[in-house]
Amino acid sequence: DVKVTQSSRYLVKRTGEKVFLECVQDMDHENMFWYRQDPGLGLRLIYFSYDVKMKEKGDIPEGYSVSREKKERFSLILESASTNQTSMYLCASSLVPGTGTQSSYNEQFFGPGTRLTVL
Amino acid sequence: SQELEQSPQSLIVQEGKNLTINCTSSKTLYGLYWYKQKYGEGLIFLMMLQKGGEEKSHEKITAKLDEKKQQSSLHITASQPSHAGIYLCGADTFTGGGNKLTFGTGTQLKVEL
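Protein chains in written order, with this note's numbering: chain B, 1 to 119; chain R, 1001 to 1113.
Structure below.
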């Protein structure tokens, strides 16, 4: 089974701190994604990466940066945490459609999430 | 950009009752994914629909994609407490650098005994 793991389930940080959220997948997926989930707003894409060292902005990249030095690891960085970044953060990965056994599927596999509170 | 609207936003049903959740897209759907999320956890893939008129079932959950490919419905028969959670639909969104999913805002389902 595909496994996507996130470094922490719960995290509490102070305003202004630099925060690192780590995500690791074990199925050699090319694509990796970071979302945040807030009540009433659903999942919103922050950044995604379709290859090592490649990144693309999602819908809400402001205040965030990412790093992908190795294929299996995708990090989300909050340079200076603010209270409005308190949220549930979800990482996901997927194959390139048309490869492997997924045929044309673009299914994303999700980690368990990190609930971040910024005080 | 593509937008997905889910209805209802929340639903409370009695155990044993049937229910339907809808997902309507502002653009043609080329791939529609249904996920389930238990509170405070990650998303679990349920099923994916691609072709107009397609219907798939898994246990007591059936999903359909309408012929015009702009709406999908998720139907649960004889609901159980294990069905409780948040249901999200996601649609394929193609970009130059990779493939993304756009998600709806979710439907929260509670099943009462």
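Just so you know, even glycine gets a beta-carbon here, dropped at the ideal spot from N, CA and C.
Classify R/Gln1014 as helix, strand or coil using the three-state DSSP reduction. Here residue 1014 of chain R refers to the residue found at position 14 of the second sequence. In the structure shown, R/Gln1014 sits in a strand (DSSP, three-state: E or B).
Pairwise C-alpha distance: B/Phe110 and R/Gly1031: Reading the second sequence from its first residue, position 31 is the one you call residue 1031 of chain R. Reading the first sequence from its first residue, position 110 is the one you call residue 110 of chain B. Cα atoms of R/Gly1031 and B/Phe110: separation of roughly 18 Å, rounded to the nearest angstrom.
Less than 8 Å between the C-beta atoms of B/Gly58 and B/Ile46, yes or no? In the first sequence, residue 58 of chain B corresponds to position 58, counting from 1. In the first sequence, residue 46 of chain B corresponds to position 46, counting from 1. It is a contact, given that the beta carbons lie within the stated cut-off.
Looking at the C-beta of R/Asn1099, does it have a partner C-beta in chain B at a distance below 8 Å? Reading the second sequence from its first residue, position 99 is the one you call residue 1099 of chain R. Yes - at least one Cβ of chain B is within 8 Å of the one on R/Asn1099.
Own chain, CB closer than 8 Å to R/Asn1018, minus 5 neighbours either side, in chain order: For the purposes of this step, residue 1018 of chain R is taken as residue 18 along the second sequence, with counting starting at 1. If the five residues before and after R/Asn1018 are omitted, its C-beta is found closer than 8 Å to the C-beta atoms of His1075, Ile1076, Thr1077, Ala1078, Ser1079, all from its own chain and listed in chain order.
Between the segment 1046 to 1053 of chain R and the segment 69 to 86 of chain B, do at least 3 Cβ pairs fall closer than 8 Å? Contact between the segment 1046 to 1053 of chain R and the segment 69 to 86 of chain B is absent, because fewer than three Cβ pairs lie under 8 Å.
Along the segment 1039 to 1068 of chain R, where does the CB come closer than 9 Å to a CB of chain B? Name the residues. Going along the segment 1039 to 1068 of chain R in chain order, one finds Gly1040, Glu1041, Gly1042, Leu1043, Ile1044, Phe1045, Met1048, Gln1050 with a Cβ nearer than 9 Å to chain B.
Residues bridged to B/Val52 (per DSSP): Your numbering for residue 52 of chain B matches position 52 in the first sequence. Paired residue(s): none; B/Val52 is not in a bridge.
Could you tell me the distance, in whole angstroms, from the CA atom of B/Pro112 to the CA atom of R/Glu1041? Residue 112 of chain B sits at position 112 when you count from the first residue of the first sequence. Residue 1041 of chain R sits at position 41 when you count from the first residue of the second sequence. Looking at the two C-alpha atoms, the distance is approximately 5 Å.
Any contact of the segment 64 to 73 of chain B with the segment 25 to 41 of chain B, i.e. 3+ C-beta pairs under 8 Å? Yes, they touch.
Proximal residues of chain R, C-beta to C-beta of B/Arg115 below 9 Å: Here residue 115 of chain B is taken as the residue at index 115 of the first sequence, counted from 1. Residues of chain R whose Cβ lies closer than 9 Å to the Cβ of B/Arg115 are, in chain order, Gly1040.
Kindly indicate which three-state DSSP category B/Ser7 falls into: helix, strand or coil? The sequence position of residue 7 of chain B within the first sequence is 7, counting from 1. Three-state DSSP puts B/Ser7 in coil, outside helix and strand.
On the DSSP bridge list, what partners appear for R/His1083? Numbered from its first residue, the second sequence carries residue 1083 of chain R at position 83. Paired residue(s): none; R/His1083 is not in a bridge.
Is R/Ile1021 near R/Thr1107, with beta carbons less than 8 Å apart? The residue given as residue 1021 of chain R occupies position 21 in the second sequence. The residue given as residue 1107 of chain R occupies position 107 in the second sequence. In this structure, R/Thr1107 lies closer than 8 Å to R/Ile1021 by Cβ.
Is it the case that the Cβ atoms of R/Gln1002 and R/Cys1023 are separated by a distance below 8 Å? Position 2 of the second sequence, counted from the first residue, corresponds to residue 1002 of chain R. Position 23 of the second sequence, counted from the first residue, corresponds to residue 1023 of chain R. No, the Cβ-Cβ distance between R/Gln1002 and R/Cys1023 is not below 8 Å.
Is there at least one Cβ from chain R nearer than 8 Å to B/Pro61's Cβ? Taking the first sequence and counting its residues from 1, one reaches residue 61 of chain B at position 61. No, B/Pro61 lies away from the interface with chain R (no Cβ there is under 8 Å from its Cβ).
CB of B/Leu11 within 8 Å of CB of B/Leu116, strictly: Taking the first residue of the first sequence as 1, we reach residue 11 of chain B at position 11. Taking the first residue of the first sequence as 1, we reach residue 116 of chain B at position 116. Taking 8 Å as the Cβ cut-off, B/Leu11 and B/Leu116 qualify as a contacting pair.
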